[in-house]
Ligand SMILES: Cc1ncc(C[n+]2csc(CCOP(=O)(O)OP(=O)(O)O)c2C)c(N)n1
Ligand SMILES: [Mg+2]
């Protein structure tokens, strides 16, 4: 049995809470029926846990963001999403929240201030940090609230999110629904601490464990914590004890759960207990109860009829492609005025400064980027000029920072995340591939984030500071991959990347930072993403390359004056410039693709396939590729030189010309 304490709540509030609490229960009961009838395919039940989602949502302002998970129907209903549209979402209908592209609760809605989950669970927590940071920067008195299950607390993102929120003083409520199981895994096999709320101590924040089945306690606690977070600009960890009354999802059963647990927890049913409390104390009448229940049932029936009458979804490939990226309205601003000779590193730094001036909503985040200026000194001086709020040192936690960047984007900010070395992006990989890249296609939210990637070998830095990992990203729809080779392109493409509302992976080659110089316009200008540059023009062969390859090819062409070659610098790898490739291939009939990335799975394979499929009849020789060895990048300079394709390129080119 549950002990309810109405505190100073008005009668109206007690009834409002009841209405909100009953709704998800009745919807769920209907869903279970439909499941048995085979009318729906999958369902993650939150029966027994409704008081948490409903109480927490009721405790927040309507315009405060919530990051719910798979058992949080109560968040969606309390935010008053119409049942028809919700059901269309679950059925994969065109008129659901994700146009049929996402399942169950994997969607968000800015109108309802909800950012829905990706399957990976933990990433939700770090998005809340970004949203809270946006509130803080705008001096809004608001919190963000993120849900996790107790199973999800084992994920690295839980640790990173709490640590960042505490270090950065962010007003975030982290809410753990401890229902005893993560799929079939009981808590005893998930963690060793007594209370998950105790973990708060380790992060230097407050934490509390409460009865998650008591809606008044949940509401009261979250309301109080909300005030605390806003007043003190601090995060808070809340652990709500509860129980999952059904299986992980309906098909998976509950065999592994001891029977007596169900008996024990059914006594603590959050809906029935509260209903009985209200009836016993005359806060509601039997008539209100039955009237409310039948009203909800009717709304559900009407929604179901309308949803089942929806026409079947007809795929339209053009529409599918159109939604992968947010529309890019980047103004192409031609360079004008004076130019100065600059190294690549200085051109990027110049671009960073001008992007900060152009976009007052641009926030920079990364390790050691503020006072220290970043390990390559790209951000040197920016904190002095733009302040610590916009130029932010972060703890060592790539995933949390990329998630925060997405949260900032939800609130209309732009951000730059500097990877200290491109290699370390592995620790933030999930956020980029699954959150940033897919969110626009999934439910129309853009991810206005530029990830700067100091990349490449040639400086004897070994396997973890030298990799070319651009094709990890070119394989992911939703990302743009930019890779300039010259100071001029570096600045113009960087500024275009900041204009573009989509996530851009911006590669900058470490060996070129101080190894190449060129004229760079002093003023602001942009270069169109997705457009290659024909660096040299010739008749006999097309050399297609990017990054360091551009400079290796130029060196050889400078030596071999008799060779008449097109040298095409791709500059962007996703999307790559098919028109420019076509024009060059049709002119020369011979192609060699050169890149620093390893041969197997490098972008060269993709380009070679594109050429062979489309322009075979124009070719006088097979499309050749020249790339690094298929090994990790070795440390010792002779080994590294042997690894890189530069020396082999000469022979490969000769071979092609002799074909
Ligand atoms: C990274 C990742 N690993 C595994 C899974 C599969 N999975 C989905 S839900 C789940 C259990 C989650 O447990 P918990 O966090 O306690 O949430 P609950 O389902 O109990 O609400 C697992 C293992 C996943 N979705 N993501
Ligand atoms: Mg659980």
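Residue numbers (the working numbering): 16 to 674. Backbone N, C-alpha and C fix where the C-beta goes; we use that ideal spot for every residue, glycine too.
(message) Quick check: the stretch 530 to 540 against the stretch 569 to 576, are at least 3 beta-carbon pairs closer than 8 Å?
(response) no
(request) Locate the alpha helix (DSSP H) running through residue 237, then write down its first and last residues. (result) In the chain shown, the residue the question calls residue 237 occupies position 222. Here the alpha helix (DSSP H) through residue 237 covers 230 to 247.
(request) Give me whichever residues DSSP pairs with residue 549 in a beta bridge. (result) Residue numbering aside, residue 549 sits at position 534 when the chain shown is read from its first letter. DSSP, once it has assigned bridges, lists 583 as partnering residue 549.
(request) Have a look at residue 17 and residue 255 and give me their C-alpha separation to the nearest angstrom. (result) The sequence position of residue 17 within the chain shown is 2, counting from 1. The sequence position of residue 255 within the chain shown is 240, counting from 1. C-alpha separation (whole angstroms): 14 Å.
(request) Could you say which of 594, 316 and 117 lies nearest to residue 630 if we only look at CA atoms? (result) The residue you call residue 630 lines up with position 615 of the chain shown. Of the listed residues, the one whose Cα sits closest to residue 630 is 594.
(request) State whether the stretch 483 to 490 contacts the stretch 427 to 435, with contact taken as three or more CB pairs (one from each stretch) at a distance under 8 Å. (result) no
(message) Give the residues whose C-beta lies closer than 7 Å to at least one heavy atom of ligand 2, in chain order.
(response) 164, 165, 166, 192, 193, 194, 195, 196, 197 and 259
(request) Could you pull the start and end residues of the beta strand (DSSP E) that residue 172 belongs to? (result) Position 157 of the chain shown, counting from 1, holds the residue named residue 172. It is not in any beta strand (DSSP E) - residue 172 instead sits in the alpha helix (DSSP H) that spans 171 to 182.
(request) Would you list, in sequence order, the uninterrupted beta strand (DSSP E) runs of no fewer than 3 residues that lie entirely inside the stretch 503 to 545? (result) 519 to 524 and 532 to 536
(message) Please report the straight-line C-alpha distance between residue 386 and residue 501, rounded to a whole angstrom.
(response) Here residue 386 refers to the residue found at position 371 of the chain shown. Here residue 501 refers to the residue found at position 486 of the chain shown. Each residue's Cα considered, the two are about 27 Å apart.
(request) Please determine, among 129, 65 and 118, the residue with the shortest C-alpha to C-alpha distance to residue 96. (result) Position 81 of the chain shown, counted from the start, is the residue given in the question as residue 96. Cα-wise, what sits closest to residue 96 is 129.
(message) Considering only their Cβ atoms, is the gap separating residue 63 from residue 280 smaller than 9 Å?
(response) Taking the first residue of the chain shown as position 1, residue 280 is located at position 265. Taking the first residue of the chain shown as position 1, residue 63 is located at position 48. Yes, the Cβ-Cβ distance between residue 280 and residue 63 is below 9 Å.
(message) Considering just the uninterrupted stretch of the alpha helix (DSSP H) at residue 145, what are its terminal residues?
(response) What you label residue 145 is simply residue 130 of the chain shown in a count that begins at 1. Start and end: 138 to 152.
(request) Give every residue of the same chain whose Cβ lies closer than 7 Å to the Cβ of residue 167, excluding the five residues on either side of it in the sequence, and list them in chain order. (result) Taking the chain shown and counting its residues from 1, one reaches residue 167 at position 152. Contacts found: 136, 137 and 173.
(message) Given this structure, state the Cα-to-Cα distance separating residue 355 from residue 362, to the nearest angstrom.
(response) The residue given as residue 355 occupies position 340 in the chain shown. The residue given as residue 362 occupies position 347 in the chain shown. When rounded, the distance between both Cα atoms is 10 Å.
(request) Identify, in the order they occur along the chain, each residue of the same chain with its Cβ nearer than 8 Å to the Cβ of residue 543, setting aside the five sequence neighbours on each side. (result) The residue given as residue 543 occupies position 528 in the chain shown. Around residue 543: 345, 347 and 511.
(request) Using a threshold of 9 Å, state whether the C-beta atoms of residue 464 and residue 414 are closer than that. (result) Residue mapping note: residue 464 aligns to position 449 of the chain shown, counting from 1. Residue mapping note: residue 414 aligns to position 399 of the chain shown, counting from 1. Not a contact, by the Cβ cut-off of 9 Å.
(request) For residue 545, collect the residues of the same chain with a Cβ closer than 8 Å to its Cβ; drop the 5 residues on either side in sequence, then sort them by chain order. (result) For this step, residue 545 is matched to residue 530 along the chain shown. Only 495, 587, 590, 591 and 592 meet the Cβ criterion.
(request) Give the secondary structure of residue 663 by DSSP, where H, G and I count as helix, E and B as strand, and everything else as coil. (result) By 1-based counting over the chain shown, the position of residue 663 is 648. DSSP places residue 663 in helix when its eight states are reduced to three.
(request) Tell me where the alpha helix (DSSP H) around residue 292 begins and ends. (result) Along the chain shown, read from residue 1 onward, the residue named residue 292 stands at position 277. Segment 285 to 295, the alpha helix (DSSP H) holding residue 292.
(message) Using the Cβ count rule (16 or more neighbours within 10 Å means buried), how would you classify residue 295?
(response) Taking the first residue of the chain shown as position 1, residue 295 is located at position 280. Label assigned to residue 295: exposed.
(message) Short of 6 Å in beta carbon distance, which residues of its chain neighbour residue 2, apart from the five on each side in sequence? Order them along the chain.
(response) Residue numbering for the chain in the displayed model covers 16 to 674; residue 2 lies beyond these limits and cannot be assessed.
(message) Could you compute how far the alpha carbon of residue 196 sits from the alpha carbon of residue 209?
(response) Numbered from 1 along the chain shown, position 181 holds the residue referred to as residue 196. Numbered from 1 along the chain shown, position 194 holds the residue referred to as residue 209. C-alpha separation (whole angstroms): 15 Å.
(message) Could you check whether the Cβ of residue 189 sits closer than 8 Å to any heavy atom belonging to ligand 1?
(response) Position 174 of the chain shown, counted from the first residue, corresponds to residue 189. No.
(request) Could you check what DSSP says for residue 610 in three-state terms: helix, strand or coil? (result) For this step, residue 610 is matched to residue 595 along the chain shown. Of the three classes helix, strand and coil, the one that applies to residue 610 here is strand, per DSSP.
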